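One structure is given below, encoded as structure tokens.
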Amino acid sequence: METAQVRYVMGTTATVRAWAPDSTRVGAAVEAAFAAFARVDQQMSTWRDDSNLSELNRSEPGQWVAVGPDVSRVLAAAKEVARLSDGAFDPTILPLVRLWGFRGPEVAVPDSGSLATVLSLVGHDLLEVDEPEGRARLRAAGMEVDLGGIAKGWALDRGKEAMQAAGATGGVLDLGGNILVFGPEPSRQVGIVNPTLENELLATVPVVESAVATSGQYERFLTIGGRQYGHILDPRTGWPVEGKVSATVIAPGAMIADALATAAVVLGPDRGLKMLEEAPDVEGVLAVADGRGGFVLMPTSGFLLPR
Ligand code: ADP
Ligand code: MG
2 METAQVRYVM GTTATVRAWA PDSTRVGAAV EAAFAAFARV DQQMSTWRDD SNLSELNRSE
62 PGQWVAVGPD VSRVLAAAKE VARLSDGAFD PTILPLVRLW GFRGPEVAVP DSGSLATVLS
122 LVGHDLLEVD EPEGRARLRA AGMEVDLGGI AKGWALDRGK EAMQAAGATG GVLDLGGNIL
182 VFGPEPSRQV GIVNPTLENE LLATVPVVES AVATSGQYER FLTIGGRQYG HILDPRTGWP
242 VEGKVSATVI APGAMIADAL ATAAVVLGPD RGLKMLEEAP DVEGVLAVAD GRGGFVLMPT
302 SGFLLPR
């Protein structure tokens with residue numbers, strides 16, 4: 002038996018496809034996946050005031066906040082990717098996201114003074130996580146954590162777990178461009194999109210028993226004075242990452258794929274590929290403008306690019 006459902010969750014479109022021996026279990030598995038997504042949203046959304054993460058973001062500097070085992074685990078993973086990427090990925094990015102106007106109401110290129118002020122509040126070392134106790138704290142007033150670059154991946158990992166517990170033998174979960182495939186039934190081709198023409202695929206790759214995340218500066222952007230600024234920011238400069246670049250990462254787990262894809266967009270082809278090469282069981286490909294209106298695909302050494 003096989004079934005699929007599409008719903009709007011975590012600010013994006015989610016598709017869950019399940020395989021199970023009977024209709025009861027196939028239905029229960031799909032519901033279990035969406036329940037897992039809703040739980041992650043309840044814990045980690047910065048768009049709702051009642052999430053554990055929003056509680057942390059409102060806390061006094063130095064004050065420990067009980068965020069629970071899930072949030073503390075994702076915070077710890079985000080800090081680890083921050084370390085692996087030399088700070089290109091940074092979960093404390095939210096004040097910068099707000100400064101540029103990505104959370105409304107006004108969009109503007111910030112002046113250098115406010116950029117410098119806000120940048121002093123961005124730094125993964127200023128976020129402390131006590132994973133065994135399930136708590137975290139912020140070291141400076143005005144800091145805010147944003148798990149938008151990693152939480153969808155984590156939600157997919159939890160979704161898979163919930164589906165298996167509900168009796169699914171296989172599944173394909175797609176959450177806003179993050180994809181997780183498990184079990185023997187699904188065979189899935191995942192496309193690598195052209196960063197300037199979202200409907201055009203540069204290549205497709207087969208995915209079996211793993212996760213694929215694609216991050217791109219084309220996905221969401223602001224337009225200021227006729228120029229487009231993408232939603233992935235470079236915490237080292239305070240500016241949105243320049244140029245049309247996308248990164249596709251394949252990994253055993255969706256959380257690590259999600260975070261590394263965002264980090265690779267910030268790092269760009271040279272350092273981004275190096276980071277992906279060094280990560281165990283991870284492959285990926287960056288699509289970078291070739292300067293003549295086209296794109297070059299730059300894969301890691303183990304990435305099988307179909308010809
Ligand atoms: P999407 O959310 O479009 O699937 P990503 O996984 O790449 O794409 O996450 C982008 C989001 O992550 C942004 O909307 C923002 O909330 C956050 N973000 C932006 N820049 C960074 C960064 N350098 N490090 C960590 N998170 C970031
Ligand atoms: Mg990401």
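Residue numbers (the numbering used here): 2 to 308. No residue lacks a Cβ here, since even glycine has one placed at the ideal position from N, Cα and C. Please read all numbers here as calculations on a predicted model, not as lab measurements.
Residue range of the beta strand (DSSP E) that Pro187 falls in?
Reading the sequence shown from its first residue, position 186 is the one you call residue 187. Premise fails: Pro187 is in no beta strand (DSSP E) and is neither H nor E.
Give me the Cβ distance between Ala15 and Leu181, rounded to the nearest whole Å; I'm assuming they're in contact under 8 angstroms.
Here residue 15 is taken as the residue at index 14 of the sequence shown, counted from 1. Here residue 181 is taken as the residue at index 180 of the sequence shown, counted from 1. Not really, about 11 angstroms apart at Cβ, beyond 8 angstroms.
Return yes when the C-beta of Thr263 is under 7 angstroms from any heavy atom of the ligand MG, and no when it is not.
Within the sequence shown, numbered from 1, the residue matching residue 263 stands at position 262. Yes; taking the cut-off as 7 angstroms, the Cβ of Thr263 has a heavy atom of the ligand MG nearer than that.
So, is Tyr230 buried or exposed, given that buried needs 16 or more other C-beta atoms within 10 angstroms?
The sequence position of residue 230 within the sequence shown is 229, counting from 1. Result: buried.
Within this structure, are the beta carbons of Glu145 and Pro96 separated by less than 8 angstroms?
In the sequence shown, residue 145 corresponds to position 144, counting from 1. In the sequence shown, residue 96 corresponds to position 95, counting from 1. Yes.
Exposed or buried, which one is Asp158 when buried takes at least 16 other CB atoms within 10 Å?
Counting from 1 along the sequence shown, the entry for residue 158 is found at position 157. Asp158 is buried by the Cβ-count criterion.
Can you tell me whether Phe304 is helix, strand or coil according to DSSP?
Within the sequence shown, the letter at position 303 stands for residue 304. Reduced to three states, the DSSP call for Phe304 is coil.
What do you reckon, is the C-beta of Ser302 under 7 angstroms from a heavy atom of the ligand ZN?
In the structure on display, the ligand ZN does not appear, and the ligands it does have are the ligand ADP and the ligand MG.
Could you round the C-beta distance between Gly168 and Ala37 to whole angstroms and report it? I think they count as a contact, below 8 angstroms.
On the sequence shown, position 167 is the one that residue 168 refers to. On the sequence shown, position 36 is the one that residue 37 refers to. Contact flag wrong, Cβ pair sits at about 15 angstroms.
For Phe1, collect the residues of the same chain with a Cβ closer than 7 angstroms to its Cβ; drop the 5 residues on either side in sequence, then sort them by chain order.
The structure shown does not extend to residue 1, since the chain is modelled only from 2 to 308, so the question has no answer here.
I need the DSSP call for Gly114, collapsed to helix, strand or coil.
Here the question's residue 114 lines up with position 113 in the sequence shown. Gly114: helix per DSSP, three-state reduction.
Can you grab the Cα-Cα spacing for the pair Ala83 / Pro92, in whole Å?
One-based indexing of the sequence shown puts residue 83 at position 82. One-based indexing of the sequence shown puts residue 92 at position 91. When rounded, the distance between both Cα atoms is 8 angstroms.
Using a Cβ-Cβ cut-off of 8 angstroms, state whether Leu298 counts as contacting chain B.
Considering every chain present, this structure includes no chain B. It has just one protein chain.
Cβ of Ala79 within 7 angstroms of any heavy atom in the ligand MG?
As a position in the sequence shown, residue 79 is number 78, starting the count at 1. Ala79: no, Cβ never under 7 angstroms from the ligand MG.
Just to confirm, is the Cβ distance from Ser211 to Pro253 under 8 angstroms?
Numbered from its first residue, the sequence shown carries residue 211 at position 210. Numbered from its first residue, the sequence shown carries residue 253 at position 252. Yes, Cβ-Cβ distance for Ser211 and Pro253 is below 8 angstroms.
From the DSSP output, in three-state form, read off Gly172 for me.
Counting from one through the sequence shown, the residue named residue 172 turns up at place 171. Looking at Gly172 - three-state DSSP - the assignment turns out to be strand.
Can you tell me where the beta strand (DSSP E) with Ala137 in it begins and where it stops?
By 1-based counting over the sequence shown, the position of residue 137 is 136. Per DSSP, Ala137 belongs to the beta strand (DSSP E) from 136-139.
In whole angstroms, give me the CA-to-CA distance for Ala264 and Asn58.
Reading the sequence shown from its first residue, position 263 is the one you call residue 264. Reading the sequence shown from its first residue, position 57 is the one you call residue 58. Going from the Cα of Ala264 to the Cα of Asn58 covers about 22 angstroms.
Run the CB neighbour count on Ile193, radius 10 Å, all protein chains shown included, and call it buried at 16 or more, exposed below.
One-based indexing of the sequence shown puts residue 193 at position 192. Around the CB of Ile193, 16 or more other CB atoms lie within 10 Å, so the residue is classed as buried.
How big is the Cα-Cα spacing for Ala33 and Phe304?
For the purposes of this step, residue 33 is identified with residue 32 of the sequence shown, where counting begins at 1. For the purposes of this step, residue 304 is identified with residue 303 of the sequence shown, where counting begins at 1. Approximately 32 angstroms between the Cα atoms of the pair.
Ignoring anything shorter than 4 residues, give me the alpha helix (DSSP H) runs that lie fully in the stretch 237-289, in order along the chain.
255-279
Please state whether the Cβ-Cβ distance between Leu274 and Leu261 is less than 8 angstroms.
The residue labelled residue 274 in the question sits at position 273 within the sequence shown. The residue labelled residue 261 in the question sits at position 260 within the sequence shown. No, these two residues do not count as a Cβ contact at 8 angstroms.
Would you mind reading off the limits of the alpha helix (DSSP H) that contains Ser55?
Walking along the sequence shown from the start, residue 55 turns up at place 54. Bounds of the alpha helix (DSSP H) holding Ser55 are 53-59.
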